[in-house]
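Reading through the structure tokens given below for one structure.
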Amino acid sequence: MKKAFQTWGMVLSMVFFVFEASPWAWAREVVLYSSNQSDLIDMVSQGFEKKSGIKVSAVRMGTGEAMKRVQAEKDNPLGDLFWSGDVAVLDGAKKFFAPYRSPESKVLPPQYVEKDALWTATNVHIMIIMYNKKLVSEQEKPQTWSDLFNPKWKGKIVMASPEKSGSSYAQVYGLYKLYGWDGLKKLIANAKVLDSSSLIYKGTAEGEYPIGLTMEYAAYRYVAGGSKEVGIIYPQDGAFAAPEGAALIKGCKHPEEAKMFFDYLLSQEVEKEIFEKFYRRPARPDVVASVHLPRMSEIKLLKEFDPVEAKVLEKEILKQWKEIILSK
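Written out as structure tokens, the structure is:
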């Protein structure tokens, strides 16, 4: 009899173990829509699951696709939270979001939280000049955006089409704010325009192109990976800071779980981990990480760079851009 009880005890233990390990064991859930890379989504989702016991069902898609989906599902939302897209895009879709002011957002600069808390910035992309040290010497490398207007760089600069790349549009908008269309015409005269932003940093790192306009984290991945050829220039006339953010979807089915995920995402611990492993600059100014990049306070930024205005002017700027390209 004793042996029988021991056997049943082992069986029950196995049943409980399987139940706990099974997806069916999750009593609570949050559905995340995200345009981030898969390994970043996985890292944050798994950390949250471990800490909270709440399952994260992540659906990865582009920012534009996600906004269309949120709009299509407005009467019956299937997602709870969106992370992460340009805050200007989120601002344009904010009627589909619910207000949530996370306690973690208290440390953020005011411009990183929408006035009614309909979106909150999570990280900031810095637009920089990337160069290949084998092709561009330290003595001749450009120090400013306007240095790129010099005819000596004709055919040696690559940038992505702003019609196909959000980061490239941020660069074009920033240059428009700095130097107007006269400056942009000079840049376009010197630059090769490619279809994808990934072609910029890959081609520059591999020595296919001397100079590329790209995002800080994309260039720094090569430096952190041991590349001696890749250099990063923070233009002295002002780098461009383009924040990305997250938003709670209006009418979502798991609002409390989504708010908990939001708080976790904005926490100092998680923002530090993202910075150290993926080189995405945190929106929080209080994050100190073991990443060999200058502090945000040490970088000269273009104060006039306004991501919301950039979205408002997008059609007008892209129309003018296309006309210049066609006349090139």
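Mapping to the working numbering: the sequence shown position 273 is 253, numbers consecutive. Where is the CB? At the ideal position from N, CA and C, for every residue including glycine. Keep in mind it's a predicted model, so treat the numbers as computed, not measured.
Whole-angstrom distance between residue j and residue i, CA atom to CA atom
i, j, result
"Ala150", "Ala52", "27 Å"
"Gly160", "Thr124", "15 Å"
"Gly65", "Ile21", "13 Å"
"Lys132", "Ser117", "14 Å"
"Ala238", "Ile212", "37 Å"
"Ala222", "Pro287", "7 Å"
"Met23", "Glu303", "43 Å"
"Asp19", "Glu236", "25 Å"
"Tyr259", "Leu58", "31 Å"
"Asn112", "Ala198", "14 Å"
"Trp301", "Gly33", "49 Å"
"Glu120", "Tyr214", "15 Å"
"Lys257", "Gly187", "25 Å"
"Lys295", "Ser148", "14 Å"
"Lys54", "Met276", "37 Å"
"Lys165", "Phe129", "9 Å"
"Leu168", "Pro90", "Position check: residue 168 holds Ile in this sequence, whereas Leu was assumed. Cα to Cα, the separation comes out at about 35 Å."
"Val11", "Lys136", "45 Å"
"Val318", "Pro122", "The structure shown has nothing for residue 318, since the chain only spans -19 to 308."
"Glu278", "Val69", "28 Å"
"Ala38", "Tyr181", "28 Å"
Inter-residue CB distance, residue i and residue j (contact presumed, cutoff 8 Å)
i, j, result
"Thr100", "Ala226", "6 Å"
"Met107", "Thr184", "The Cβ separation is near 14 Å, so there is no contact."
"His105", "Met195", "5 Å"
"Ile305", "Tyr156", "Wrong, their Cβ atoms sit about 15 Å apart, outside the cutoff."
"Lys31", "Glu9", "The pair is not a contact, with the Cβ atoms about 15 Å apart (cut-off 8 Å)."
"Gly27", "Val250", "7 Å"
Which residues DSSP lists as bridging residue i, in chain order
i, result
"Pro262", "Asn103"
"Arg40", "Ser14"
"Asp66", "Glu224"
"Val138", "Lys172 and Gly192"
"Gly27", "Answer by DSSP bridge pairing: none, since Gly27 is not bridged."
"Ala204", "According to DSSP, which records beta bridges pairwise, Ala204 is partnered with nothing at all."
"Leu61", "Leu12 and Leu228"
"Met110", "Gly192 and Ile212"
"Phe77", "Ile229"
Start and end residues, alpha helix (DSSP H) containing residue i
i, result
"Gly146", "Gly146 to Asn170"
"Trp301", "Glu294 to Leu306"
"Glu236", "Pro235 to Leu246"
"Gly33", "It is not in any alpha helix (DSSP H) - Gly33 carries neither H nor E in the DSSP assignment."
"Leu282", "Neither: Leu282 is in no alpha helix (DSSP H) and is coded neither H nor E."
"Ser178", "Ser177 to Ala185"
Extent of the continuous beta strand (DSSP E) to which residue i belongs
i, result
"Glu125", "A quick correction: the sequence has Trp, not Glu, at residue 125. Trp125 -> no beta strand (DSSP E), and no H or E assigned at all."
"Val210", "Val210 to Ile213"
Check: residue i C-beta below 8 Å from any heavy atom of the ligand HEM
i, result
"Glu224", "Because no ligand of any kind appears in the structure shown, any question about the ligand HEM cannot be addressed here."
Within the chosen definition, does the region 172 to 186 reach the region 242 to 251 through at least 3 CB pairs nearer than 8 Å?
-> Verdict: no, contact absent.
- Query: Would you say the region 62 to 76 touches the region 39 to 47, given that touching needs at least three Cβ pairs under 8 Å?
  - Reply: The region 39 to 47 and the region 62 to 76 touch, with three or more beta-carbon pairs separated by less than 8 Å.
Inset, instruction - Would you check if there are 3 or more beta carbon pairs closer than 8 Å linking the region 135 to 142 to the region 188 to 203? - result: A contact exists between the region 135 to 142 and the region 188 to 203.
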